[in-house]
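S.K.: Got a structure for you, questions after.
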Amino acid sequence: MAPRSRKAANGDAADAQAQTPTKTNGASTRTRSLSSEPPATLGPLSVVIPEEEREEVKVNNASVSELKNACDDALKRFLARPDLFRQQYLHTDVRLALGWAGVAVAAFTGLYGYKVEFEKAKPVVWAGLIMYFLLTAMQTLYAYLIEGNIIFVGKRKTFSKRIMTERLTISSQTEPVKKATTTTPAYALSATYVQSASGGKSLLARGKASESRTYHHFFDEAGVMDQPAFEQWVGTLVERVMENRDS
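Using UniProt numbering, the final residue of the sequence shown is 247, and nothing's skipped along the way.
In structure tokens, the structure reads:
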């Protein structure tokens with residue numbers, strides 16, 4: 001009887017050992033699936049801005065350009081904070097470089113034409129004029145085709161088991177009055193968010209969202225901007241696109 005009892009006990013132990021890897025594998029599978037999800041990062045609504053840091057913004061309600069510029073500036077102030085994103089100025093730098101290059105060519109051409117006799121200076125002057133117009137055309141095309149309506153490009157790096165790079169791009173425009181729905185122009189935003197790792201080789205998350213709201217939601221009758229309401233609206237849009245809930 002004793003040998004049979006030992007065999008039975010050994011058989012039970014073997015069954016328990018056979019079942020253990022199954023549970024371990026299941027746990028490891030769940031761990032891998034959770035780790036594959038992109039980690040949550042700090043959103044704009046998590047940052048509290050003290051009232052004393054804000055300056056009153058007042059514009060002419062009759063000027064759509066002033067309303068849009070005020071909203072663009074407020075958006076950049078809100079998102080380009082140490083706790084959020086570092087603003088990138090690539091588009092501005094390219095336009096400035098092309099503009100200054102055109103000014104330098106024009107100045108050199110004018111100085112050369114002044115110092116050298118007209119007949120001898122004509123080839124250089126013509127070359128300078130052609131180069132100047134080319135640089136001006138390149139600057140205009142870059143602003144229209146590449147930069148477009150982009151008002152903010154933000155970037156930041158975070159660390160969660162690996163270095164991750166987040167890039168936020170926001171474009172804005174004024175939507176004209178739609179008699180069927182609104183009686184005032186609307187401020188429209190389009191946001192794109194990309195989260196990557198390994199120097200951009202590994203895509204972790206991507207989102208895109210857009211929304212518009214009439215200007216009277218953010219400005220009172222005197223033209224004073226309600227900055228907390230505007231920041232709440234922008235922060236909600238950005239956090240939605242960061243959570244990868246496309247709309």
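Ideal Cβ placement from N, Cα and C applies to all residues, glycine included.
#1: Tell whether a beta-carbon distance below 8 Å holds between residue 227 and residue 152.
#2: Please list, in chain order, all residues of the same chain as residue 60 whose beta carbon is under 7 Å from its beta carbon, the five residues on each side excluded.
#3: Here's the rule: buried if 16 or more other CB atoms are within 10 angstroms of the residue's CB, otherwise exposed. What is residue 104?
#4: Does the Cβ of residue 191 have 16 or more other Cβ atoms within 10 Å, making it buried, or fewer, making it exposed?
#5: Just reading off the beta strand (DSSP E) that residue 194 is part of, what are its end residues?
#6: On a CA-only basis, which of 230, 176, 168 and 220 is nearest residue 242? Give me that one, please.
#7: Taking only three categories from DSSP, how would you classify residue 166?
#8: Assign residue 82 to buried or exposed, taking buried as 16 or more other Cβ atoms, counted over all protein chains shown, within 10 Å of its Cβ.
#9: Per DSSP, which residues does residue 98 bridge with? Please list them.
#10: Report, in whole angstroms, the separation of the C-beta atoms of residue 121 and residue 112, which I expect to be a contact under 8 Å.
#11: Checking 8 Å against the spacing of the C-beta atoms, do residue 78 and residue 177 come in under that value?
#12: Can you check the stretch 58 to 97 for any alpha helix (DSSP H) of at least 4 residues that lies completely inside it and give the ranges in chain order?
#13: Quick check on the burial criterion: 16 or more other C-beta atoms within 10 angstroms. Buried or exposed for residue 230?
#14: If we count the other Cβ atoms within 10 Å of its Cβ and call it buried at 16 or more, is residue 97 buried or exposed?
#15: Here's a check: name, in chain order, each residue in its chain whose Cβ is nearer than 6 Å to the Cβ of residue 210, leaving out the five neighbours to either side.
#16: Pick from 171, 183, 57 and 164: whose alpha carbon is nearest that of residue 200?
#17: Just to confirm my understanding: we take residue 232, look at its own chain, exclude 5 residues before and 5 after, and list those with CB closer than 8 Å. What are they?
#18: Within the same chain, show all residues whose beta-carbon is closer than 6 Å to that of residue 216, passing over the 5 residues directly before and after it, in chain order.
#19: Can you give the Cα-Cα distance for residue 63 and residue 47, rounded to whole angstroms?
#20: Measuring CA to CA, which of 147, 99 and 43 is closest to residue 80?
#21: Distance, Cα to Cα, residue 101 vs residue 135?
#22: How far does the alpha helix (DSSP H) with residue 240 in it reach, from first residue to last?
#23: To the nearest angstrom, how far is the alpha carbon of residue 239 from that of residue 85?
#24: Taking DSSP as the reference, what is the three-state secondary structure of residue 172?
#25: For residue 94, which of 127, 157, 188 and 140 has the nearest alpha-carbon?
#26: Are residue 91 and residue 170 closer than 8 Å when you measure CB to CB?
M.R.: Here's the rundown:
#1: No, the Cβ-Cβ distance between residue 227 and residue 152 is not below 8 Å.
#2: Excluding residues up to 5 positions away in sequence, 66 and 223 lie with their Cβ nearer than 7 Å to the Cβ of residue 60 in the same chain.
#3: Flag for residue 104 reads exposed.
#4: A residue is called buried when at least 16 other Cβ atoms come within 10 angstroms of its Cβ; residue 191 meets this threshold and is buried.
#5: For residue 194, the enclosing beta strand (DSSP E) starts and ends at 186 to 197.
#6: Ranked by Cα distance from residue 242, the options 230, 176, 168 and 220 are led by 168.
#7: In the three-state DSSP reduction, residue 166 falls in the strand class (E or B).
#8: The residue in question, residue 82, is exposed, as its Cβ has fewer than 16 Cβ neighbours within 10 Å.
#9: The partner list for residue 98 (beta bridge, DSSP) is empty, contrary to what the question assumes.
#10: That pair is a contact at about 6 Å.
#11: Not a contact, by the Cβ cut-off of 8 Å.
#12: Within the stretch 58 to 97, the complete alpha helix (DSSP H) runs of at least 4 residues fall at 64 to 79.
#13: Residue 230 comes out buried.
#14: Residue 97 is exposed by the Cβ-count criterion.
#15: 190.
#16: Of 171, 183, 57 and 164, the residue nearest in Cα terms is 164.
#17: Excluding five sequence positions before and after residue 232, the CB atoms of its chain that fall closer than 8 Å to its own CB belong to 45, given in chain order.
#18: Correct list, in chain order: 184.
#19: Going from the Cα of residue 63 to the Cα of residue 47 covers about 31 Å.
#20: Selected option, being the one with the closest Cα: 43.
#21: Straight across, the Cα-Cα distance linking residue 101 with residue 135 is about 7 Å.
#22: For residue 240, the enclosing alpha helix (DSSP H) covers residues 227 to 242.
#23: Residue 239 and residue 85: Cα-Cα distance of roughly 13 Å.
#24: If DSSP states are grouped into helix, strand and coil, residue 172 belongs with the strands.
#25: The shortest Cα separation from residue 94 among 127, 157, 188 and 140 belongs to 140.
#26: The criterion of a C-beta distance shorter than 8 Å is not satisfied by residue 91 and residue 170.
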